Amino acid sequence: MSRQFTPKVVTANDLLEGDVVWLTADDAWTRDMARAELIEDEAHAQLRLLHAESQPEIVVGAYLADAKAGPNGPEPTHFREDFRTRGPSNYAHGKQADAQYV
Numbered sequence: 770m771s772r773q774f775t776p777k778v779v780t781a782n783d784l785l786e787g788d789v790v791w792l793t794a795d796d797a798w799t800r801d802m803a804r805a806e807l808i809e810d811e812a813h814a815q816l817r818l819l820h821a822e823s824q825p826e827i828v829v830g831a832y833l834a835d836a837k838a839g840p841n842g843p844e845p846t847h848f849r850e851d852f853r854t855r856g857p858s859n860y861a862h863g864k865q866a867d868a869q870y871v
């Protein structure tokens, strides 16, 4: 018996800057997970992942990550993805330089 599909977002790393990015419904890449496209259909999720993987000049390491609908957009359901929304952990730069993330 197969498992029920859970909502996903497409995530990757920006090729040039290394930042975590998420794919939006209008085919843009955002550094804000809340703006990502929340995908609730397994076939559509696979198509979106293929689309992301076809952009090696923009992103690397694309994959589907579990997510859930939140009041402001998709939210992570796993600690790894929650950690990735906060940016690099070695020192305060990028997202961590903003007061809301510190």
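Here the sequence shown is numbered in the numbering used here, starting from 770 and rising by one per residue. We put the beta carbon where it would ideally sit given N, CA and C, even for glycine. No experiment lies behind these values; they were computed from the predicted model shown.
Could you check if residue i is buried or exposed, using at least 16 other CB atoms within 10 Å of its CB as the buried criterion?
i, result
"Ala814", "buried"
"Thr775", "exposed"
"Pro843", "buried"
"Glu806", "buried"
"Tyr870", "With a pLDDT of only 46 at Tyr870, under 50, the local geometry of the prediction cannot be trusted, and no value is derived from it."
Tell me the rounded alpha-carbon separation between residue i and residue j.
i, j, result
"Thr854", "Ser823", "23 Å"
"Asn782", "Glu826", "11 Å"
"Ala831", "Gly787", "12 Å"
"Val789", "Ala797", "13 Å"
"Trp791", "Ala812", "18 Å"
"Gly856", "Ser771", "34 Å"
"Asp877", "Gln773", "Because the chain in this structure spans residues 770 to 871, residue 877 falls outside the shown range and cannot be described."
"Ala821", "Ile808", "14 Å"
"Thr793", "Asp810", "15 Å"
"Phe848", "Asn841", "19 Å"
Going by beta carbon distance, what residues of the same chain come within less than 7 Å of residue i, once the five residues before and after it are set aside?
i, result
"Thr846", "Asp835, Ala836, Lys837"
"Asp851", "Pro845"
"Leu816", "none"
"Val829", "Ala781, Asn782, Leu784"
"Lys777", "Ile808, Ala814, Leu833, Ala834, Asp835, Ala836"
If you run the structure through DSSP and keep just helix, strand and coil, what is residue i?
i, result
"Ala814", "helix"
"Ala803", "helix"
Could you name the residues of the same chain whose beta carbon sits closer than 8 Å to that of residue i, not counting the 5 residues immediately before and after it, in chain order?
i, result
"Ala818", "Contrary to the premise, residue 818 reads as Leu rather than Ala in this sequence. Answer for Leu818: Val779, Ala831, Tyr832, Leu833, listed in chain order."
Touching by the beta-carbon criterion (3+ pairs, under 8 Å), the region 830-850 and the region 791-811: Result yes; three or more Cβ-Cβ pairs closer than 8 Å.
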